[in-house]
Amino acid sequence: MEPFEIRHLGPDAADREAMLRRVGHTSLDALTDTALPDDITMSEPLELAPAASEAGIQAELQRMAAANHPGRAMIGLGYHGTLTPAVIRRTVLENPAWYTAYTPYQPEISQGRLEMLLTFQTVITDLTGLPSAGASLLDEGTAVAEAVGVARRKQRKGSVVLVDEGILPQSLAVLHTRARALGIEVVVTSDPLEGLQRHDAFAVVLQTPDADGSVRSVEELTTIAAKAHENDALVIAAADLLALTLLPAPASWGADIAVGSTQRFGVPLFYGGPHAGYIAVGEGMERQLPGRLVGLSQDRHGTPAFRLALQTREQHIRREKATSNICTAQVLLAVVAASYAVYHGPEGLRGIASDVARNARRLAAAITTAGHPLVSDTFFDTLTVHTQGAAPRYVRAARERGIHLRFVDLDHVGISVGEDATEADLAAVAAVFGGALTDAEAGSLGQPEREPGYLGHPVFHRYRSETEMMRYLRALADRDFALDKGMIPLGSCTMKLNPAAALEPISYPGFANLHPFVPAADAQGYAELIADLEAQLVAITGYDRVSLQPNAGSQGEFAGLMAVRSFHEANGQPERTVCLIPASAHGTNAASAAMAGMDVVVVKTAEDGSIDFEDLTAKIDKHADKLAVIMITYPSTHGVYEARVRELCELVHAAGGQVYVDGANLNALMGLAQPGKFGADVSHLNLHKTFAIPHGGGGPGVGPVAVREHLAPYLPNHPLVPDAGPVTSYGPISAAPYGSAGILPISYAFIAMMGPALREASQGAVLAANYVAARLSERYPILYTGEGGLVAHECIVDLRPLTKRTGVTVDDVAKRLIDYGFHAPTMSFPVAGTLMVEPTESESLAELDRFCEAMLSIADEAERVASGEWPADDNPLHNAPHTLAEVTADAWDHPYPRSLAAHPAGVKLGAVSTGARDRYWPAVARIDGAFGDRNLVCSCPPMDSYQ
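Numbering follows full-length UniProt numbering, with no gaps: position 760 of the sequence shown is 760.
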């Protein structure tokens with residue numbers, strides 16, 4: 001088999017030579033030696049093992065997976081055994097049409113996943129009873145923290161959040177981390193009513209069911225909520241979604257916000273992640289929601305169409321004033337959870353929940369009959385058993401039978417029943433406690449069973465057969481544009497190949513089915529994988545230590561900034577809170593700094609797109625006594641290798657500050673330069689960009705944080721897994737000890753299969769960007785260039801002169817590219833009226849040429865508008881994208897032919913597979929975003945409205 005490097009890099013040797021000639025260089029080394037500053041360039045190859053073969057790395061990962069012992073996970077604590085229907089696993093999780101899609105910023109070509117996200121939101125609103133839900137959050141722990149942030153902004157009173165002691169321990173720990181940075185006092189109470197009398201709280205958090213499994217009565221919950229509202233405090237319910245198919249909706253007893261996890265809706269355990277958290281809010285709080293919200297709008301023909309709603313809330317616009325630093329969601333996992341609800345429907349979900357609850361009651365009967373009392377006789381799926389000091393013995397005996405129970409303390413054992421628990425598993429657990437499983441039941445739900453009536457939309461009733469479900473999922477996927485259909489040249493997002501050989505191992509049972517809190521001895525395969533991946537990333541970046549816990553780039557930023565803040569506090573300098581950020585930086589940088597309790601000071605941009613050193617030195621001098629850190633992106637967000645980066649690091653260090661390098665553009669550094677060696681102290685890395693984890697339509701992501709040794713004591717840790725981080729840490733960032741561990745095999749395999757040839761990947765990305773820039777510069781200015789007139793791995797195409805001359809906007813060009821068979825580049829970031837293009841190392845020369853010729857053809861079309869041949873309000877650009885329904889309709893009254901609308905490139909821009917015969921058709925025409933915001937609809941209407 002050919003080396004993986006050849007499979008990963010798009011252009012072959014002959015194509016690379018042709019591209020090099022076009023950009024005026026004789027070799028890849030000559031190209032990057034010119035582009036990079038001499039004082040940061042690596043002189044030695046990467047210290048990585050020689051490249052492994054695809055078969056070899058899969059065998060290695062099979063060995064690691066086999067070293068994990070999933071057994072039957074009955075630990076609970078927010079992670080539960082579930083069964084992923086095979087049709088969903090194969091048609092969604094393992095399907096590049098779903099996992100290689102990008103965040104739906106171009107809604108016309110994202111209608112499939114947007115529809116499924118609206119379905120996800122409907123599941124959440126129906127089961128919680130609250131009117132608005134987001135399109136998913138990162139996990140339950142961060143969802144709790146985000147909900148507290150919503151409540152704080154809504155109530156604007158006091159600084160105390162009251163937390164019921166029944167909360168999941170990892171959620172409490174994540175909340176402590178977030179609250180510490182924002183000056184919020186977390187008060188844990190065993191009696192929320194008494195706590196509300198003693199504290200002027202702005203919110204109270206209730207877990208239902210509790211971590212120990214107990215379920216409060218509706219009367220008690222209603223009383224607590226009424227008292228909270230009397231005190232002008234909001235009520236946050238952290239609720240088990242499957243339990244809500246049987247228990248009353250949180251809104252019915254007074255909850256204002258509901259959060260939780262959708263993991264048990266068909267998403268594998270994945271050793272803690274990735275999983276989709278959820279959040280739902282009451283009336284009037286929808287604009288406070290963090291993250292994404294999908295809404296229903298209409299296209300220019302009046303056809304209903306989905307889009308991201310209320311986008312002005314997002315961090316890339318609001319920066320340090322953002323409601324959250326989250327820039328994405330867990331889209332792929334939310335799609336799985338929504339698909340699970342669609343496939344089972346309300347009756348099926350209720351049946352699964354009823355079976356779980358009945359089996360828990362059968363276990364309760366067997367265990368109590370054997371003489372072991374329970375902590376509570378009201379529960380859904382989780383029992384906590386009194387063991388009179390013998391807990392270790394019972395946990396050990398269950399483990400010997402292949403079952404993982406929860407060791408609570410010496411006197412208590414937790415048992416959580418999942419959908420996957422078999423009759424043999426239940427009998428084995430009963431036997432561990434000296435009991436015998438029968439049909440007898442003990443205990444109850446503790447609340448009146450909820451009446452059916454939720455999930456009334458037809459989508460939850462139509463797809464019961466596998467045939468119909470398969471076709472439904474295929475139909476939705478066909479409405480989306482993903483990497484399986486063509487190039488996605490998004491600047492700063494690195495939509496490169498996601499190799500199938502690296503993706504396959506995540507489905508191995510040893511990786512997919514492991515609970516995050518199993519004993520360390522049963523997770524040795526993951527321990528080896530995590531240690532090896534951390535070592536790989538250390539070798540690539542030049543840092544000393546890495547934590548893989550942050551489960552998104554935004555969370556990696558926050559983790560790095562919290563490490564910096566903790567470092568200064570440990571050195572007796574808590575006043576160092578100023579964070580310098582260039583004007584061109586990613587919006588998450590400023591939002592993360594604000595979340596970490598820092599004061600953002602913006603540094604100007606010079607005319608050439610680099611950091612304005614005069615302004616930088618002035619800001620350093622002004623804030624020297626309070627300077628905590630500077631956050632830069634390298635190569636810069638403007639797509640160039642700034643020549644004075646080492647000098648910048650020295651200036652900040654001389655003033656007592658730290659240097660944070662945003663790792664979003666590391667795809668242009670692998671094997672060429674190492675931030676940890678040229679002066680940076682900390683970076684986050686995007687494994688879902690540089691290291692080949694798919695974007696998944698907007699998540700999952702992994703955002704590890706890498707640090708120099710002096711910051712290592714402040715990497716995140718975890719309350720339940722001591723090995724996950726240092727005891728000197730500020731706490732955890734994510735609910736799971738190793739974040740989205742289930743997808744770490746992808747990056748490990750990618751790095752192992754590339755080996756030291758990662759350098760050629762970076763050089764290939766730089767070559768592709770410079771080739772595109774050279775070709776497009778015939779008609780479009782390239783806004784910024786560095787040494788030798790070169791860009792890094794992306795270039796900014798300036799459309800402002802075209803717009804001024806022809807009236808054709810950046811939106812027009814982006815939407816017209818859909819007609820040519822492309823996802824648009826990044827629009828109007830970091831400069832309004834521009835497109836930022838990042839072709840990556842994986843695209844072939846033929847595809848690069850096809851894109852360039854499409855852009856040049858669009859420039860010709862714009863000139864025809866300018867000449868008056870086509871009216872400004874009726875031309876192929878203004879009307880783009882064109883749907884199949886439009887170009888095949890009987891009526892056609894436009895001044896340009898149907899053929900130009902439908903097939904602007906014909907077959908001249910590439911092979912037949914990317915030509916007219918196989919073009920992608922958008923499901924809708926251009927969407928009216930303002931209409932959707934004025935008429936906000938964020939869940940599916942009930943079935944009654946269809947009758």
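The C-beta atom is built at its ideal place from N, Cα and C for all residues, glycine as well.
C-alpha gap between residue i and residue j, whole angstroms
i: T84; j: E504; result: 16 Å
i: G158; j: W921; result: 53 Å
i: P250; j: A239; result: 8 Å
i: Q674; j: A151; result: 42 Å
i: V281; j: A133; result: 6 Å
i: Y105; j: R198; result: 47 Å
i: V474; j: T834; result: Looking at the sequence shown, residue 474 is not Val but Arg. Roughly 34 Å separates the two Cα atoms.
i: H903; j: E709; result: 57 Å
i: E794; j: P452; result: 53 Å
i: A52; j: F750; result: 10 Å
i: A428; j: A398; result: 7 Å
i: D411; j: I257; result: 34 Å
i: L20; j: S867; result: 36 Å
i: R156; j: F202; result: 8 Å
i: P803; j: L455; result: The identity of residue 803 in the sequence shown is Thr, whereas the question assumes Pro. Using only the alpha carbons, I get a separation of about 47 Å.
i: F613; j: A606; result: 8 Å
Beta-ladder partner(s) of residue i, from DSSP
i: M74; result: L405
i: G260; result: Y278
i: N68; result: A523
i: Q658; result: V629
i: H412; result: H386, D409
i: P582; result: V603
i: H684; result: D662, V705
i: P304; result: Q298
i: A673; result: T41
i: S132; result: V281
i: I782; result: V797
i: M836; result: I796, T826
Spatially closest choice to residue i from the options, by CA coordinates
i: V408; options: P192, G213, G542, G254; result: G213
i: G149; options: T834, M42, D38, I236; result: I236
i: residue 1034; options: L490, A539, D615; result: Outside the displayed span of the chain (1 to 947) sits residue 1034, for which this structure offers no information.
i: G260; options: A398, A309, N231, H80; result: H80
i: A421; options: I279, A353, E194; result: A353
i: H623; options: V600, G272, S53; result: V600
i: G166; options: A654, S547, G78; result: G78
i: V937; options: E853, A145, T122; result: T122
i: L537; options: A49, T32, L20, P11; result: A49
i: P825; options: A769, A735, V187; result: A769
i: N571; options: G656, G491, G560; result: G656
C-beta contact flag for residue i and residue j at 7 Å
i: A370; j: F306; result: no
i: D484; j: P96; result: yes
i: V810; j: L817; result: no
i: A712; j: R565; result: no
i: G272; j: T378; result: no
i: I403; j: G76; result: no
i: V417; j: L405; result: no
Contacts around residue i, its chain only, beta-carbon distance under 7 Å, and the 5 residues preceding and following it disregarded
i: V831; result: L783, I796
i: P192; result: L162, D164, V204, L206, I224
i: K626; result: E575, R576, T577, V578
i: residue 975; result: Here the chain covers residues 1 to 947 and nothing more, so residue 975 does not appear.
i: W870; result: R864, P895, Y896
Spatial neighbours of residue i in its chain, beta-carbon cut-off 8 Å, leaving aside the 5 residues before and after
i: N879; result: R300, H894, A901, A925, R926
i: E115; result: F306, L476, R479
i: Q947; result: Because Q947 carries a pLDDT of 33, less than 50, the predicted location of this residue cannot be relied on, and the following value inherits that uncertainty. Here the set comprises nothing.
i: M670; result: L46, I540, T690, L758, R759, A761, S762
Contacts around residue i, its chain only, beta-carbon distance under 6 Å, and the 5 residues preceding and following it disregarded
i: D944; result: Low local confidence applies: a pLDDT of 45 at D944 is under 50, so the model's placement there is unreliable, and no value is given.
i: E283; result: P131
i: S939; result: Q121, T122, T125
i: T368; result: A442
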